[in-house]
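Take a look at the structure below.
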Amino acid sequence: MSLAPFPAARMRRLRRTRALREMVQEQGLSARDLIWPVFIRDGQNMKEPIPSLPGVNRLSLDQLLPAAEKAFSHGIPAICLFPYTDQNLRTETCEEAWNPDNLTNRAIRALKAALPDLMVMTDIALDPYNANGHDGFVVNGEIVNDATVEALVKMGLAQAEAGADILGPSDMMDGRIGALRVALEASEHRDVAILSYAAKFASAFYGPFRDAVGASGRLVGDKATYQINPANREEALACVARDLAEGADMVMVKPGMPYLDICRAVKDEFRRPTFAYQVSGEYAMLMAAVQNGWLDQDKIMLESLMAFKRAGCDGVLSYFAPQAAGALKG
Ligand code: PBG
Numbered sequence: 009m010s011l012a013p014f015p016a017a018r019m020r021r022l023r024r025t026r027a028l029r030e031m032v033q034e035q036g037l038s039a040r041d042l043i044w045p046v047f048i049r050d051g052q053n054m055k056e057p058i059p060s061l062p063g064v065n066r067l068s069l070d071q072l073l074p075a076a077e078k079a080f081s082h083g084i085p086a087i088c089l090f091p092y093t094d095q096n097l098r099t100e101t102c103e104e105a106w107n108p109d110n111l112t113n114r115a116i117r118a119l120k121a122a123l124p125d126l127m128v129m130t131d132i133a134l135d136p137y138n139a140n141g142h143d144g145f146v147v148n149g150e151i152v153n154d155a156t157v158e159a160l161v162k163m164g165l166a167q168a169e170a171g172a173d174i175l176g177p178s179d180m181m182d183g184r185i186g187a188l189r190v191a192l193e194a195s196e197h198r199d200v201a202i203l204s205y206a207a208k209f210a211s212a213f214y215g216p217f218r219d220a221v222g223a224s225g226r227l228v229g230d231k232a233t234y235q236i237n238p239a240n241r242e243e244a245l246a247c248v249a250r251d252l253a254e255g256a257d258m259v260m261v262k263p264g265m266p267y268l269d270i271c272r273a274v275k276d277e278f279r280r281p282t283f284a285y286q287v288s289g290e291y292a293m294l295m296a297a298v299q300n301g302w303l304d305q306d307k308i309m310l311e312s313l314m315a316f317k318r319a320g321c322d323g324v325l326s327y328f329a330p331q332a333a334g335a336l337k338g
C-alpha cells in the first residue's frame, strides 16, 4: 500500500459527503446475509418471552409461520430452528431427538409446506432432549463420543427426511460430520447441506440460549471436554480443516463478535463459505445496553452485523435478523 504524504493525501476528502462515503464503501450488508435463529415450542397461539433475550420469544408453530413469512418477505433466506422440548420428554437416552414427529421435525414440514423457498436449517445436538443438558450422552459422568455420533446421525437423517435444507451439527463430537455425510449419501438426501459448527468455543456467551431451550437448570458441569478452549486459534483452524475434509459444505465460527479474528483466519485459510453465530449472550449484552438507553438499537445492530462481513464472513446467524432486515429495507 502506498499513500502520499500529507497534505497530498487527506483521508477526509472521501468522507466529506454521504455519496462519496458510499461510493468507496468496502463492505455491504443485506438481508441475504442473515440466518434467523428461532426458538419454537408446543402449543397454540404461544409467544412466550425469554427474559434474558429481550424481544425474543418462543413461538408455537401457528405463530412461527407468519413470522417466517415476514422474515422471508424481507429477504432473509434461511431460518434455524431450536426447540424448547417439553420437560417430560427429556431423558438420559434422548430418543425424542430422532422422533420423526418431534417438535422440530413438525416445524420443518409445516415451514416447507407453507414457504418452500425459505431455507430451513436445524441444530444437531442432544442438549434440548437430554435430562442433563449436555450435547452428548453422559455415561459415568463422561460425555461419550462415538455412541453420541450414532444418535446424531439418526437425528440428522430424521431432519433431512422432514425436509431440512441445511443441517447444523453444533455438538462438537469428533467424527460427526463424516458419519453424517456418509449417511446422507447413502439415503435419498445427498443434496442436503451441512453447515458445521466447526469452530465452536466453550463460551460463557451461551447462557441466555440455555435459558431459551430450557437446559440451564439441568446442565451438570460444563462443556469444556468437547467445545474448544477460547484460548486456542490453531485448534479452531484444525477443527475447520477436519470438518471440511469430512464433507461439511459450510463452516461456522461461534461465538461471533469476540472471535472475529477466527472468522478472518478461517476465510483466509480455507476460502469456503464461512458463517458466524452472533450468539445469545452477545445479543443480550447489546440489548441490555439498548434498554438502558446507553446504545442506539438500530445503529448498534447494523454495525455489529457489518463487522462480520468485514471479518470475511459470508453470513451471520443473529437474533437481530428480522429487525435488521426491516431496517435494511427501510
Ligand atoms: C447447543 C447449542 C448452543 C447454542 C447453539 N446450539 C449452546 C451450547 O452449546 O451450550 C448457542 C447459541 C446461542 O447462545 O445463541 N448445541
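Residues in the sequence shown are numbered from 9 upward in steps of one, following this note's numbering. Glycine residues also receive a C-beta, built at the ideal position from the N, C-alpha and C atoms. On a predicted model such as this, the values are computed, not experimentally measured, just so you know.
Nearest residue (CA-CA) to alanine 206, options Val190, Asp179, Ala212: By one-based count along the sequence shown, residue 206 stands at place 198. Ranked by how close their Cα comes to the Cα of alanine 206, the residues Val190, Asp179, Ala212 have Asp179 in first place.
Near the ligand PBG: arginine 3 beta-carbon under 7 Å from a heavy atom: With the chain running from 9 to 338 in the structure shown, residue 3 is simply not present.
Range of the contiguous alpha helix (DSSP H) that encloses aspartate 154: In the sequence shown, residue 154 corresponds to position 146, counting from 1. If you look at aspartate 154, you'll find it in the alpha helix (DSSP H) that goes 154-170.
Check whether methionine 163 and tryptophan 106 have beta carbons under 8 Å apart: The residue you call residue 163 lines up with position 155 of the sequence shown. The residue you call residue 106 lines up with position 98 of the sequence shown. With respect to the 8 Å criterion, methionine 163 and tryptophan 106 are classified as neighbours on the basis of their beta carbons.
Glutamate 150 versus aspartate 109 - alpha carbon distance: The residue you call residue 150 lines up with position 142 of the sequence shown. The residue you call residue 109 lines up with position 101 of the sequence shown. Roughly 29 Å separates the two Cα atoms.
Straight-line gap, leucine 341 to arginine 114 (C-alpha atoms, nearest Å): The chain is shown only over 9 to 338; residue 341 falls outside these bounds and no answer can be derived.
Phenylalanine 217 Cβ short of 7 Å to the ligand PBG heavy atom set: On the sequence shown, residue 217 is found 209 positions in, with the first residue counted as 1. Result yes, Cβ under 7 Å from the ligand PBG.
Beta-bridge partners of serine 204, as assigned by DSSP: Here the question's residue 204 lines up with position 196 in the sequence shown. Note: serine 204 sits in a beta bridge opposite Val259.
DSSP three-state assignment for tyrosine 137, whether helix, strand or coil: Taking the first residue of the sequence shown as 1, we reach residue 137 at position 129. Tyrosine 137 falls in the coil class under three-state DSSP.
Option nearest proline 263 by Cα separation, candidates Ala139, Cys102, Ser211: The sequence position of residue 263 within the sequence shown is 255, counting from 1. Ranking Ala139, Cys102, Ser211 by Cα distance to proline 263 puts Ser211 first.
8 Å contact criterion, which valine 200 and aspartate 173 should meet: CB distance rounded: The residue given as residue 200 occupies position 192 in the sequence shown. The residue given as residue 173 occupies position 165 in the sequence shown. About 7 Å separates the two Cβ atoms, so the contact holds.
Neighbourhood of glutamine 299 by C-beta distance below 7 Å, restricted to the same chain and skipping five residues each side: Position 291 of the sequence shown, counted from the first residue, corresponds to residue 299. Its chain contains Pro62 as the residues whose beta carbon lies nearer than 7 Å to that of glutamine 299, once the 5 sequence neighbours on both sides are disregarded; these appear in chain order.
Beta strand (DSSP E) segment containing isoleucine 116, residue limits: Taking the first residue of the sequence shown as position 1, residue 116 is located at position 108. Premise fails: isoleucine 116 lies in the alpha helix (DSSP H), 111-122, not in any beta strand (DSSP E).
Simplified DSSP assignment, three categories, for cysteine 321: What you label residue 321 is simply residue 313 of the sequence shown in a count that begins at 1. In the structure shown, cysteine 321 falls within a coil segment according to DSSP collapsed to helix, strand and coil.
Cβ-based burial, glycine 222 [other Cβ within 10 Å; buried from 16]: If you number the sequence shown from 1, residue 222 lands on position 214. When all chains shown are included, glycine 222 counts as buried.
Check: glycine 289 C-beta below 7 Å from any heavy atom of the ligand PBG: Within the sequence shown, numbered from 1, the residue matching residue 289 stands at position 281. Indeed, a heavy atom of the ligand PBG lies less than 7 Å from the Cβ.
The ligand PBG heavy atom lying under 7 Å from the CB of phenylalanine 145: In the sequence shown, the residue the question calls residue 145 occupies position 137. A distance criterion of 7 Å places the beta-carbon of phenylalanine 145 beyond contact range of the ligand PBG, judged by its closest non-hydrogen atom.
Supposed contact pair valine 46 and leucine 73 - C-beta distance, whole angstroms, cut 8 Å: Stepping through the sequence shown from its first residue, residue 73 is reached at position 65. Stepping through the sequence shown from its first residue, residue 46 is reached at position 38. Going by Cβ atoms, the distance from leucine 73 to valine 46 rounds to 11 Å, so no, they are not a contact pair.
Pick from Gly215, Gln167, Pro124 that is closest to leucine 192, judged by C-alpha positions: Taking the sequence shown and counting its residues from 1, one reaches residue 192 at position 184. Looking at the Cα atoms, Gln167 is the closest of the given residues.
Distance cut-off 7 Å: alanine 232 Cβ against heavy atoms of the ligand PBG: Your numbering for residue 232 matches position 224 in the sequence shown. When distances are taken from the beta-carbon of alanine 232 to the heavy atoms of the ligand PBG, even the shortest one reaches 7 Å or more.
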